[in-house]
Amino acid sequence: MATETEKSNKMTWILLAIPVSAVLLPTCLLLLVLMLPTMVAFIVDGTPGRKFVITVGMMNLAGTVPAVVDLWGHGQTFQASFEGMSNVFAWAGALMASGVGWLIYWVMPPIIANYQGIASRAQVLSLRAKQKKLIAAWGDEVAAVVAEPYRQGDEPAEEAPEPES
Amino acid sequence: MSGTSAGRAGKRGAEKGIELSDRYEVYPDQPLPFLNSPGCDAVAALDKRNPSLALFALICSRELAPRVDAVRSLSHVESSAFLTPRASGIITQASDQKRKFVIIFEQPRGERVQSEPSASFQPLSEDDLIRGVITPMVTNLRELGGRILAHRAIRADNIFTSGGSNQEIILGECVSSPAGYFQPVIYEPIDAGMSTPSGRGPGYISDDFYALGVLIAVLSHGGNPVPQLSDQEVVASKIAVGSYATLVGQARVSLKLMEALRGLLCDDPAERWNIMDLDLWANGRHLSPKQATLSAKAARAFEFDGEEYNTARGLSFAMGHNWSLAQETLRDDALEGWVRRSLSDEKCASAILKASRMSRMGGEGGGGQDKAVAGVLTALDHLAPIRYKSISARLDGLAQALAIDFDKDHVPQMISEVVRSKLHKSWIEVQPSMKPEYVPWIRQADIIESFVNRSRIGFGPERALYECNSSWPCLSPLLKNDFVNEGAELLPALERLAQDGIPDYVPMDRHIAAFSATRVKNLSERLFIQLAEPADKLQYNVSVLRLFSEIQRATGPEALPNTARWFAKLLGPITETYHFRSFRQQLSKGIEGATQSGDLAELLWLVDNENLRQQDEVGFAQAQNEFASIAGQITWHEDGALTSDAHVAAISQRASAVVSAVLASVSIAVMSFIYVT
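Chains as they are written, first to last, in our numbering: chain S, 24 to 188; chain D, 5 to 681.
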């Protein structure tokens with residue numbers, strides 16, 4: 024449930040967007056059409072924070088830049104806008120950029136999973152080394168507090184440094 | 005006269021002697037058996053300042069300890085008729101490495117008058133007795149009286165001829181063993197003769213006058229006048245007919261000598277001759293001969309153990325020798341009736357009646373029966389010593405009996421029962437009058453009572469022993485090869501013990517604790533309480549070290565490296581009680597340093613450092629918490645918290661958005677740059 028403040032903020036944005044849309048209407052029409060992949064992503068994205076929409080949308084937006092620049096080069100007329108909509112290169116740029124966004128989104132999980140796995144193992148080794156240092160400084164009894172006591176030599180990660188006196 | 009002086013001068017010079025007091029040398033390998041004292045061997049000795057002087061040393065035993073206080077007191081006696089101790093101290097015998105107390109005397113020029121107590125010799129004439137024996141003995145007794153010290157070894161086998169033309173005797177030593185312990189019964193007054201040798205006590209000067217009387221009788225007779233009588237029979241005879249009649253009897257004695265003998269052998273110490281009487285007599289004043297004061301005879305005899313007794317004292321003496329039969333005798337009123345009717349002694353009869361009733365109420369085998377018998381024996385003979393089971397000791401001999409017989413079965417227990425039952429007070433109550441000389445002995449008995457009632461280490465009968473026998477050596481089995489009679493000697497003795505190898509046991513027992521509590525001044529009672537309540541073995545060892553460090557502080561010596569090593573070995577495991585390995589290493593190094601310096605206080609500071617212990621405990625608790633926390637983190641990782649699908653998805657989504665945003669921004673920037681240029 025949106026709060027009163029959030030509703031007020033949205034209303035402010037809509038009120039600001041209306042004059043801007045009116046002034047930049049050809050650009051807005053062109054963007055509306057070329058950002059179609061983002062709209063599809065918006066429809067299918069159920070993740071919190073809509074990270075899929077952001078990923079695809081950012082790339083989709085980057086892909087529309089040549090068409091928008093071309094439109095502005097022709098004076099930002101409706102005709103130029105419609106020409107842009109029917110320009111196959113404009114579509115190709117928008118769709119390909121969106122595709123890169125899609126690709127990033129789908130490739131990222133295995134990369135992250137691998138990275139997290141490696142990071143986790145490194146962290147465990149580091150923690151075990153800390154435990155070994157504690158045992159070296161305080162003796163096996165220090166491990167008696169845990170249910171399955173960790174004993175020196177169980178799984179040595181690396182030689183523990185001498186404790187400071 | 006007997007004895008030999010062959011080899012008297014010894015063969016000094018051939019071997020190196022053992023040095024004593026920087027001035028004397030003792031030669032334990034050169035025995036002089038003709039100068040032996042009972043329980044002590046005599047060996048040659050040398051005064052380095054005066055090598056021509058013939059000396060001998062008596063090597064004393066630890067169990068029958070010498071009278072060290074008397075040595076000090078008598079060393080200043082200037083008398084040619086007395087064997088004066090010239091020096092004393094402790095030597096280490098090379099043969100067995102035992103440390104012994106020795107006393108050095110000048111060798112008498114003559115022989116022993118009697119070679120042994122049972123030997124016979126040529127009787128002395130009256131003139132020889134008066135000029136050669138009594139006159140020098142008067143001088144000696146005056147010297148002793150001036151020091152309020154009883155000799156307690158005046159006997160024929162302890163006097164020497166002076167040699168040469170001088171016929172005066174020389175009185176032998178009296179300091180190498182406990183007072184009166186080796187004195188034959190005939191030389192002892194009735195009460196001391198009834199006592200066990202250990203219970204005779206230091207005695208009084210009147211005992212010496214009695215012994216002088218017996219000595220005169222023996223010398224005039226040429227030996228023991230009653231050799232046919234056993235010790236018990238001698239005492240029984242003295243009780244029955246008196247000492248004079250027993251020892252002199254019908255022997256032909258001149259009136260002058262008889263006068264002295266009757267006075268000296270008087271069985272009542274109050275009536276016995278003293279130095280003034282003897283002086284007057286020696287100067288020719290004639291005093292009326294004392295008549296023997298005998299016990300009242302009963303109209304009819306009382307039968308006990310198959311014998312008939314006519315006097316209460318005789319019966320008391322017999323009952324004291326048959327304790328179990330004495331207990332049976334109290335089960336009926338026959339004894340009380342005999343005393344009331346035949347002796348007409350109402351007071352004694354009432355005391356017996358009271359004791360008999362107490363005995364019956366106590367039942368079979370109860371301590372009450374023993375107490376009742378002791379009470380009855382005292383009531384029958386108030387002059388007799390305190391008797392309780394196998395104990396028979398004069399009031400002044402209780403403490404000495406405790407010391408001499410400490411290792412004998414049940415003696416400390418029985419003496420404890422005597423003082424707990426207040427038999428010494430009962431004995432005082434039946435005396436006709438309270439004498440001033442009783443006061444220190446009553447106080448001594450009270451001290452015994454106060455300590456035997458506290459059984460913990462540092463107290464008990466051991467403490468009573470050392471409190472009441474001021475120069476008695478420590479009887480600890482650990483010090484069996486040493487002679488330690490002063491507090492300052494305790495730690496050096498333990499240091500020597502550890503010199504040839506560190507023992508495995510703790511250098512502490514009840515004797516050492518009690519000895520140090522008595523002989524080392526200003527030791528806090530808290531030290532002994534801690535000894536008695538150890539939390540564990542290590543804590544006990546720390547308590548012992550604490551006590552010893554206090555003793556070192558009070559008496560020195562400053563460095564005790566062997567003792568420190570001993571404690572370091574005992575307390576080595578204490579480093580293991582610290583968790584932090586670094587502390588353990590520091591502690592081990594510190595202990596090593598303290599061991600080398602021999603400072604027990606430093607060692608104690610290391611092993612009993614509360615601050616370090618607290619740091620270790622706090623640090624260990626923190627380390628445990630940290631360890632548990634790390635273990636939790638490891639478990640979190642190992643449970644796949646970072647690699648779970650949800651986590652990976654969440655991270656991936658965020659990463660995708662960021663990568664996409666960065667890539668898009670870069671693309672836009674590049675394109676903008678291209679279009680602009």
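Backbone N, C-alpha and C fix where the C-beta goes; we use that ideal spot for every residue, glycine too.
DSSP assignment within the stretch 70-99 of chain D yields the following whole beta strand (DSSP E) runs of 3 residues or more, N-terminal first: 89-96. In its chain, beyond the 5 residues on either side, PRO477 and PHE487 have a beta carbon closer than 6 Å to the beta carbon of ARG66 of chain D.
Legend: CB atoms of the stretch 130-155 of chain S lying less than 7 Å from CB atoms of chain D belong to residues MET131, PRO132, ILE135, ALA136, GLN139, GLY140, ALA142, SER143, GLN146, VAL147, LEU150, ARG151, LYS153 and GLN154. In the DSSP assignment, GLU237 of chain D falls within the alpha helix (DSSP H) that extends over 235-245. In this structure, the straight-line span from the alpha carbon of ARG467 of chain D to that of SER454 of chain D is close to 10 Å. In terms of beta-carbon proximity, GLU630 of chain D lines the interface with chain S, with at least one pair separated by less than 9 Å.
By the C-beta density criterion, ARG335 of chain D is exposed, having fewer than 16 other C-beta atoms within 10 angstroms. By the 16-neighbour rule on beta-carbons within 10 angstroms, HIS225 of chain D is buried. Contact annotation: ARG71 of chain D and PRO193 of chain D have beta-carbon atoms that are not nearer than 9 Å. Per DSSP, the unbroken alpha helix (DSSP H) holding ALA659 of chain D starts and ends at 649-680. Here the alpha carbons of ALA645 of chain D and VAL43 of chain S stand approximately 47 Å from one another. Contact annotation: the stretch 141-156 of chain S does not touch the stretch 116-131 of chain S, with fewer than three C-beta pairs closer than 8 Å. Near chain S, meaning a CB-to-CB distance below 9 Å, no residue of the stretch 553-575 of chain D qualifies. Shortest Cα-Cα distance from ASP163 of chain S to any of D:HIS583, D:GLN618 and D:PHE164 involves D:HIS583. When the beta-carbon positions are compared, TRP342 of chain D and VAL377 of chain D stay at least 9 Å from each other. About 34 Å separates the CB atoms of GLN435 of chain D and HIS515 of chain D; that is not less than 8 Å, and the two are not in contact. Secondary-structure assignment with DSSP links ILE163 of chain D through a beta bridge to D:LEU175. Along the stretch 96-129 of chain S, going in chain order, the ones with a CB nearer than 9 Å to a CB of chain D are GLY96, ALA120, VAL123, GLY124, ILE127, TYR128 and TRP129. Across the set D:LEU381, D:ALA605 and D:SER676, the C-alpha of D:LEU381 shows the shortest separation from the C-alpha of ALA330 of chain D. Closest in C-alpha terms to GLY136 of chain D, from the list D:GLU441, D:SER420 and D:GLY167, comes D:GLY167.
With a beta-carbon spacing of about 20 Å, SER520 of chain D and ASP73 of chain D fall beyond the 8 Å limit used to define contacts. The residue from D:VAL142, D:LEU145, D:GLY176 and D:ALA388 with its alpha-carbon nearest to that of PRO112 of chain D is D:GLY176.
Per DSSP, the beta-bridge partners of ALA46 of chain D are D:LEU62. When the alpha-carbon of CYS352 of chain D is set against those of D:GLU621, D:GLU340 and D:LEU291, the nearest one is in D:GLU340.
Taking a Cβ-Cβ cut-off of 9 Å, the neighbours of MET675 of chain D in chain S comprise ALA85, VAL88, PRO89 and VAL92, given in sequence order.
Distance from the CA atom of TRP114 of chain S to the CA atom of LEU57 of chain S, rounded to whole angstroms, is 7 Å. Under the three-state reduction of DSSP output, ILE461 of chain D falls in the coil class, being neither helix nor strand.
Neighbours of VAL663 of chain D in chain S, taken as residues whose beta carbon is under 8 Å from its own, are THR78, ILE127 and MET131 in chain order. For ASP513 of chain D, the three-state secondary structure derived from DSSP is coil. Its chain contains ARG103 as the residues whose beta carbon lies nearer than 6 Å to that of THR96 of chain D, once the 5 sequence neighbours on both sides are disregarded; these appear in chain order. Taking VAL81 of chain D as the centre and dropping the five residues before and after it, the same chain places the C-beta of THR88 and GLU147 closer than 6 Å to its C-beta, in chain order.
Look at ILE152 of chain D here: in three-state DSSP terms it is coil, with no helix or strand label. Contact between the stretch 47-62 of chain S and the stretch 105-119 of chain S is present: 3 or more CB-CB pairs across the two stretches fall below 8 Å. Between the alpha carbons of VAL111 of chain S and SER121 of chain S lies a gap of roughly 15 Å.
A residue is called buried when at least 16 other Cβ atoms come within 10 angstroms of its Cβ; SER664 of chain D meets this threshold and is buried.
Look at ALA650 of chain D: its C-beta is not under 9 Å from any C-beta on chain S.
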